[in-house]
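Take a look at the structure set out below.
There are 2 protein chains.
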Amino acid sequence: VSAAEAEPQASPPDHPSDGDLALRSVGTVAILGLGLIGGSLARELAGRGVAVLAGDRDPAAMAAARAEGVAREALEAPLEGLCAADVVVLAVPVAAAGAVLAAAAPHLRRAQLVTDVGSTKRGVVRAAAHLGLGERFVGSHPLAGDHHAGWGASRAGLFQGRTVYLCPTPSTSPAALALAESLWRAVGGRSQVMDAAAHDRLLARTSHLPQLLSTALALALDDAGCRPDQLGPGGQDMARLAASSPEMWSGIAAENADELSPAIAALQARLAELRDAIEGDDPDAVRRLLERAREWRG
Amino acid sequence: VSAAEAEPQASPPDHPSDGDLALRSVGTVAILGLGLIGGSLARELAGRGVAVLAGDRDPAAMAAARAEGVAREALEAPLEGLCAADVVVLAVPVAAAGAVLAAAAPHLRRAQLVTDVGSTKRGVVRAAAHLGLGERFVGSHPLAGDHHAGWGASRAGLFQGRTVYLCPTPSTSPAALALAESLWRAVGGRSQVMDAAAHDRLLARTSHLPQLLSTALALALDDAGCRPDQLGPGGQDMARLAASSPEMWSGIAAENADELSPAIAALQARLAELRDAIEGDDPDAVRRLLERAREWRG
Numbered sequence: 030v031s032a033a034e035a036e037p038q039a040s041p042p043d044h045p046s047d048g049d050l051a052l053r054s055v056g057t058v059a060i061l062g063l064g065l066i067g068g069s070l071a072r073e074l075a076g077r078g079v080a081v082l083a084g085d086r087d088p089a090a091m092a093a094a095r096a097e098g099v100a101r102e103a104l105e106a107p108l109e110g111l112c113a114a115d116v117v118v119l120a121v122p123v124a125a126a127g128a129v130l131a132a133a134a135p136h137l138r139r140a141q142l143v144t145d146v147g148s149t150k151r152g153v154v155r156a157a158a159h160l161g162l163g164e165r166f167v168g169s170h171p172l173a174g175d176h177h178a179g180w181g182a183s184r185a186g187l188f189q190g191r192t193v194y195l196c197p198t199p200s201t202s203p204a205a206l207a208l209a210e211s212l213w214r215a216v217g218g219r220s221q222v223m224d225a226a227a228h229d230r231l232l233a234r235t236s237h238l239p240q241l242l243s244t245a246l247a248l249a250l251d252d253a254g255c256r257p258d259q260l261g262p263g264g265q266d267m268a269r270l271a272a273s274s275p276e277m278w279s280g281i282a283a284e285n286a287d288e289l290s291p292a293i294a295a296l297q298a299r300l301a302e303l304r305d306a307i308e309g310d311d312p313d314a315v316r317r318l319l320e321r322a323r324e325w326r327g
Numbered sequence: 030v031s032a033a034e035a036e037p038q039a040s041p042p043d044h045p046s047d048g049d050l051a052l053r054s055v056g057t058v059a060i061l062g063l064g065l066i067g068g069s070l071a072r073e074l075a076g077r078g079v080a081v082l083a084g085d086r087d088p089a090a091m092a093a094a095r096a097e098g099v100a101r102e103a104l105e106a107p108l109e110g111l112c113a114a115d116v117v118v119l120a121v122p123v124a125a126a127g128a129v130l131a132a133a134a135p136h137l138r139r140a141q142l143v144t145d146v147g148s149t150k151r152g153v154v155r156a157a158a159h160l161g162l163g164e165r166f167v168g169s170h171p172l173a174g175d176h177h178a179g180w181g182a183s184r185a186g187l188f189q190g191r192t193v194y195l196c197p198t199p200s201t202s203p204a205a206l207a208l209a210e211s212l213w214r215a216v217g218g219r220s221q222v223m224d225a226a227a228h229d230r231l232l233a234r235t236s237h238l239p240q241l242l243s244t245a246l247a248l249a250l251d252d253a254g255c256r257p258d259q260l261g262p263g264g265q266d267m268a269r270l271a272a273s274s275p276e277m278w279s280g281i282a283a284e285n286a287d288e289l290s291p292a293i294a295a296l297q298a299r300l301a302e303l304r305d306a307i308e309g310d311d312p313d314a315v316r317r318l319l320e321r322a323r324e325w326r327g
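Chains as they are written, first to last, in the numbering used here: chain G, 30 to 327; chain F, 30 to 327.
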């Protein structure tokens with residue numbers, strides 16, 4: 030490492046820099062929630078020599094994280110153990126983030142950065158500001174989830190090359206933001222700073238809408254008596270997200286209802302247009318719609 | 030091979046049996062259309078020593094198929110070359126299948142089997158019967174397509190483990206059906222005999238509906254100013270089919286409009302239900318729908 034410091038090497042931008050300046054002050058990271066995202070982050074950081082304190086409501090996940098040498102210590106209510114953490118990461122379903130943040134707030138003595146990993150950002154950014162954590166808080170959303178969930182699905186490499194949206198509060202300090210960027214860069218992510226409201230508007234369309242479409246497709250296929258094994262390769266792609274966590278996604282839908290509603294409406298309008306063209310026996314209109322969609326997809 | 034004949038070996042059901050009894054009488058196969066499906070079938074058969082006669086409206090695809098040693102001879106209008114074929118396979122878009130079959134019919138002197146590979150089956154089965162090809166015709170639909178198209182996307186191995194629906198006419202001979210089964214088994218497919226009407230009803234839901242949903246999603250995202258590179262892993266899965274061939278899919282939608290219309294309607298009903306639950310601030314209802322979809326997906 031000292032040689033690398035003396036003579037900086039050209040490295041590709043994706044390559045995690047373990048010697049990152051801002052990260053050097055981080056010895057201990059607390060991660061609350063050892064699901065796909067929290068568990069994968071814990072594995073990455075522990076693998077880089079960071080002391081990981083971890084908490085999870087599931088004793089089996091905690092035991093596995095300790096047995097695998099990922100979690101150095103277990104965090105338990107009332108979360109006093111958080112006082113030793115330089116960075117605190119909430120990795121719980123968005124519906125639980127407010128309560129967990131409130132429970133954690135009294136113990137964030139040392140923390141230079143408090144962040145989360147949820148799929149909606151307005152609520153948690155607002156909650157952090159209300160709890161007096163505005164300067165140290167940065168909302169994070171790594172675009173690394175899929176239909177898998179839980180510690181068993183967590184793995185090193187999950188964040189490699191993935192976009193990570195960072196949503197500051199109105200009072201986030203430059204140091205906290207820089208530390209959040211360093212943290213995600215260290216595990217392979219590509220961070221992008223975005224206003225929380227813009228994030229929720231975008232993600233309603235690029236993530237939450239696709240999820241609900243897959244769910245609606247699964248429901249319609251179930252209604253029609255079709256089985257998943259009757260899907261071809263393309264249909265399999267479309268139905269995969271239907272296996273996502275109901276707990277996580279009902280929380281996301283509730284948090285982002287005001288953005289999801291017009292996003293679903295826009296989809297409904299395009300689907301109705303396709304149906305009209307098909308029922309109207311207008312193959313040219315159908316073809317034009319297919320062509321425009323294909324052009325967008327590139 | 031003679032040893033295997035003398036003492037049949039236990040082989041896994043997926044394993045193509047090159048020594049298949051019914052296929053032994055096939056020396057020459059004509060394939061009209063060298064797209065993803067036709068091109069892949071041509072590669073598989075040529076690789077097994079079958080003489081492949083091929084026709085494609087695109088001279089570049091024809092030239093490539095000959096240069097790569099896949100097509101032994103080029104078939105050109107008026108398709109007189111078909112008289113040498115033991116098996117004839119139409120691998121053209123469904124909108125063109127009827128016309129190509131009519132053009133081919135006068136030249137099918139030797140053919141023991143005439144089949145196709147289209148995504149809808151009622152129309153082509155009816156057309157074959159009307160052309161007096163009922164005994165020798167079996168409609169085929171290998172569930173092996175994706176959003177790629179053309180000779181450039183064709184490859185050996187495409188049919189491995191894939192379902193191939195076989196739809197006989199009312200007068201298909203047992204020998205023709207057995208030969209169709211042998212043909213697809215030889216290239217790794219798992220054939221399943223199904224009535225053409227039942228096929229079109231099923232595929233409207235398991236294949237055509239997912240395609241149109243992906244198209245509608247792409248259109249809605251385009252309307253909202255979102256870019257494909259803003260999609261996460263799950264959203265990418267959902268938007269992938271939007272890149273499918275507009276020509277092919279507008280033809281499929283036209284052919285199967287009567288089945289697609291209620292399939293889209295059923296999806297619309299479930300999507301409206303999800304939207305109502307989200308707008309009604311009813312996370313339990315949203316969760317129940319997510320749970321039911323997940324149970325179906327397994």
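By construction, the Cβ of each residue, glycine as well, lies at the ideal position given by its N, Cα and C atoms.
Remember, it's a predicted structure, so these values are computed and weren't measured experimentally.
Contacts around residue i, its chain only, beta-carbon distance under 6 Å, and the 5 residues preceding and following it disregarded
| i | result |
| --- | --- |
| residue 324 of chain F | none |
| residue 212 of chain G | none |
| residue 206 of chain G | 167 and 197 |
| residue 179 of chain F | 64 |
| residue 162 of chain F | 143 |
| residue 68 of chain F | 180 and 183 |
| residue 75 of chain F | 81 and 99 |
Opening and closing residue of the alpha helix (DSSP H) in which residue i lies
| i | result |
| --- | --- |
| residue 244 of chain G | 238–252 |
| residue 296 of chain G | 286–308 |
| residue 229 of chain G | 225–232 |
| residue 222 of chain F | No alpha helix (DSSP H) contains residue 222 of chain F, which is instead part of the beta strand (DSSP E) from 219–222. |
| residue 118 of chain G | Careful: residue 118 of chain G lies outside any alpha helix (DSSP H), inside the beta strand (DSSP E) at 116–119. |
Closer than 8 Å to chain F by CB, residue i
| i | result |
| --- | --- |
| residue 255 of chain G | yes |
| residue 87 of chain G | no |
| residue 195 of chain G | no |
| residue 326 of chain G | yes |
| residue 219 of chain G | no |
| residue 318 of chain G | yes |
| residue 36 of chain G | Unreliable placement is indicated for residue 36 of chain G, whose pLDDT of 39 sits below 50; no coordinate value is reported for it. |
| residue 262 of chain G | yes |
| residue 315 of chain G | yes |
| residue 272 of chain G | yes |
| residue 30 of chain G | Caution applies to residue 30 of chain G, whose pLDDT of 34 falls short of 50 and renders its modelled position unreliable; the value that the coordinates give is listed next. Not closer than 8 Å to any Cβ of chain F, the Cβ of residue 30 of chain G fails to qualify, so no. |
Residue-chain proximity (residue i, chain G), Cβ-Cβ < 8 Å
| i | result |
| --- | --- |
| residue 299 of chain F | yes |
| residue 279 of chain F | yes |
| residue 183 of chain F | no |
| residue 251 of chain F | yes |
| residue 224 of chain F | no |
| residue 310 of chain F | yes |
| residue 141 of chain F | no |
| residue 266 of chain F | yes |
Residue i - DSSP class collapsed to helix/strand/coil
| i | result |
| --- | --- |
| residue 177 of chain F | coil |
| residue 384 of chain F | Given that chain F is displayed from residue 30 to residue 327, the structure contains no residue 384 of chain F and the question cannot be resolved. |
| residue 168 of chain G | strand |
| residue 54 of chain F | helix |
| residue 160 of chain F | coil |
| residue 258 of chain G | helix |
| residue 107 of chain F | coil |
| residue 199 of chain F | coil |
| residue 100 of chain F | coil |
| residue 84 of chain G | strand |
| residue 59 of chain G | strand |
| residue 193 of chain G | strand |
| residue 38 of chain F | Bear in mind that a pLDDT of 39 at residue 38 of chain F, under 50, signals an unreliable position, so the number given afterwards is only what the model happens to contain. Note: residue 38 of chain F maps to coil in three-state DSSP. |
Contact set for residue i: own chain, Cβ-Cβ below 7 Å, skip 5 residues either direction
| i | result |
| --- | --- |
| residue 182 of chain F | 65 |
| residue 114 of chain F | 57, 58, 59, 82, 139 and 140 |
| residue 281 of chain F | 123, 148, 149 and 237 |
Residues near residue i in its chain [Cβ-Cβ closer than 8 Å; skip 5 each side]
| i | result |
| --- | --- |
| residue 296 of chain G | 238 and 242 |
| residue 253 of chain F | none |
| residue 112 of chain G | 136, 137, 138 and 139 |
| residue 321 of chain F | none |
Boundaries (first-last residue) of the beta strand (DSSP E) holding residue i
| i | result |
| --- | --- |
| residue 145 of chain G | 142–145 |
Cutoff 8 Å: residue i Cβ touching any chain B Cβ
| i | result |
| --- | --- |
| residue 122 of chain G | Note that chain B does not occur in the displayed structure, where the protein chains are G and F. |
For this session: Below 8 Å between beta carbons is the criterion; list the residues of the region 150–174 of chain G that meet it against any residue of chain F, in chain order.
Result: When C-beta distances to chain F are compared with 8 Å, the residues of the region 150–174 of chain G below that value are 172, 173 and 174, in chain order.
Exercise. Using a Cβ cut-off of 9 Å, which residues of the region 235–246 of chain G contact any Cβ in chain F, in chain order?
Worked result: Cβ contacts with chain F: 235, 236, 238, 239, 240, 241, 242, 243, 244, 245 and 246.
Problem set entry | Contact list for the region 64–78 of chain G against chain F, Cβ threshold 7 Å | Considering only beta carbons, no part of the region 64–78 of chain G lies closer than 7 Å to chain F.
For this session: Could you please tell me which residues of the region 279–294 of chain G, in chain order, have their CB closer than 8 Å to any CB of chain F?
Result: Within the region 279–294 of chain G, the qualifying residues are 279, 280, 282, 283, 286, 289, 290, 292, 293 and 294.
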